[in-house]
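Report on one structure; see the data block that follows.
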Amino acid sequence: MELLGMILAAVLVAVLLAIVIVKFLPLKLRWLASLLLLFLAIFLGFKIYSGIMEPINFNKNKVKIYAKVVDKLKIIRDAQVKHYESTGTYTKDKAGLIRFIDTAKLALTNTKTVVETINKGGGITVDVEKRVTDTIGYEPVLKYFKDRDYKNMFQVPGTDGKEFEVEIGTVEKVQGLVVPTFLVKTPKEELLKGMDESLIKQELEAVATDQIKGEYISVGSLDEVTTGGNWPPFYDKKDRKKKEE
1 MELLGMILAA VLVAVLLAIV IVKFLPLKLR WLASLLLLFL AIFLGFKIYS
51 GIMEPINFNK NKVKIYAKVV DKLKIIRDAQ VKHYESTGTY TKDKAGLIRF
101 IDTAKLALTN TKTVVETINK GGGITVDVEK RVTDTIGYEP VLKYFKDRDY
151 KNMFQVPGTD GKEFEVEIGT VEKVQGLVVP TFLVKTPKEE LLKGMDESLI
201 KQELEAVATD QIKGEYISVG SLDEVTTGGN WPPFYDKKDR KKKEE
């Protein structure tokens, strides 16, 4: 709207100048008006170009910033998942989760089917299949975080020491079955400081499927059982390439 208003104002000024030139300005001074119109055209062209490029550059910079934040959230998500596999719970203890990665071990299990013969009495026996799980060893959680900056995973990139907000809760998945949940998030507005305020306002109201919706970048949920993030699939492109390699 600001760009459109500027264009309309410039057009109006140009029309008024043309009228003044034709009706009132002596012929020998019309070169001054021509020069003024030239400067006006250059100024208008610059403003139009800037108005077009500003949202493009905003989106490019935004994606670069968000990608770094998403990478950190993925590390936290993976740490929470391993903590759940080991303890059956998620945690909001940030220092404790880092210690867990450094020290904890996960059980390696092997599940097999065995057949047991059940004596029903009266000379009647029945073969019943059962699944048996045995622990065959342990592996360090740390192996899943090799070459990943988990020590600083709670620090939000691009901010002055700000940390991610971590919450845990429970959801009744079906009647009588209560399941742990977690949510890790950070506000977008903090990440976009210094950029165009009108574009930031639009970003905080984003609802398109190819954008990170709402005011936060987050992973997990307190309202449903999920370990997914609220970012669109193209932020996971790098992870898919690694898996293919």
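Position one of the sequence shown corresponds to residue 1 (full-length UniProt numbering), numbered consecutively onward. C-beta: ideal position from N, C-alpha, C; glycine also. Keep in mind it's a predicted model, so treat the numbers as computed, not measured.
CB contact flag (residue i, residue j, <9 Å)
i      : j      : result
Thr186 : Val178 : no
Arg77  : Val156 : no
Phe166 : Lys92  : For clarity, residue 166 is Val in the given sequence; the question names Phe instead. Their beta carbons are under 9 Å apart, which means Val166 touches Lys92 by this criterion.
Gly229 : Val70  : yes
Thr111 : Val128 : no
Ile98  : Met153 : yes
Asp210 : Phe234 : yes
Val207 : Lys201 : no
Leu199 : Phe46  : no
Gly158 : Ile65  : yes
Tyr150 : Ala79  : yes
Endpoints, the beta strand (DSSP E) within which residue i is located
i      : result
Asp196 : From DSSP, Asp196 is part of no beta strand (DSSP E); its letter is neither H nor E.
Thr186 : 177–187
Pro140 : 124–140
Lys213 : Counting along the chain, Lys213 falls outside any beta strand (DSSP E), and DSSP gives it neither H nor E.
Glu167 : 165–174
Residue from the options with nearest C-alpha to residue i
i           : options                        : result
Thr103      : Thr111, Arg131, Val166, Phe145 : Phe145
Lys130      : Thr113, Lys162, Leu142, Glu139 : Thr113
residue 246 : Lys105, Val126, Leu106, Thr109 : An answer regarding residue 246 cannot be provided, because it is not within the stretch 1 to 245 covered by the chain.
Glu215      : Glu189, Glu163, Val225         : Glu189
Glu96       : Pro233, His83, Ala107          : Going by the sequence as given, residue 96 is Gly instead of Glu. Here the closest residue by C-alpha is His83.
Pro140      : Phe100, Thr181, Leu12, Phe39   : Phe100
Ile136      : Ile65, Lys105, Leu222          : Lys105
Glu224      : Ile168, Gln202, Met53          : Ile168
Trp231      : Gly158, Ser218, Leu222         : Ser218
Thr109      : Gly122, Gly121, Tyr138         : Tyr138
Ile75       : Ala41, Lys143, Asn59           : Lys143
Lys173      : Pro55, Lys94, Thr226, Arg148   : Thr226
Glu163      : Gly176, Lys94, Gly220, Leu204  : Lys94
Asp147      : Lys72, Val132, Pro180, Glu205  : Lys72
Val81       : Ile42, Glu203, Pro180          : Pro180
Extent of the continuous alpha helix (DSSP H) run through residue i
i     : result
Leu97 : 94–103
Residue i CB to nearest heavy atom of the ligand MN below 8 Å
i      : result
Thr109 : For the ligand MN, the structure offers nothing, since it holds no ligand at all.
Exercise. Determine contact between the region 78–92 and the region 188–201, defined as no fewer than three beta-carbon pairs at a distance below 8 Å.
Key: Too few Cβ pairs lie closer than 8 Å, so no.
Self-check item: Start-end ranges of the alpha helix (DSSP H) lying completely within the region 35–113, minimum 4 residues
Solution: 94–103, all fully within the region 35–113.
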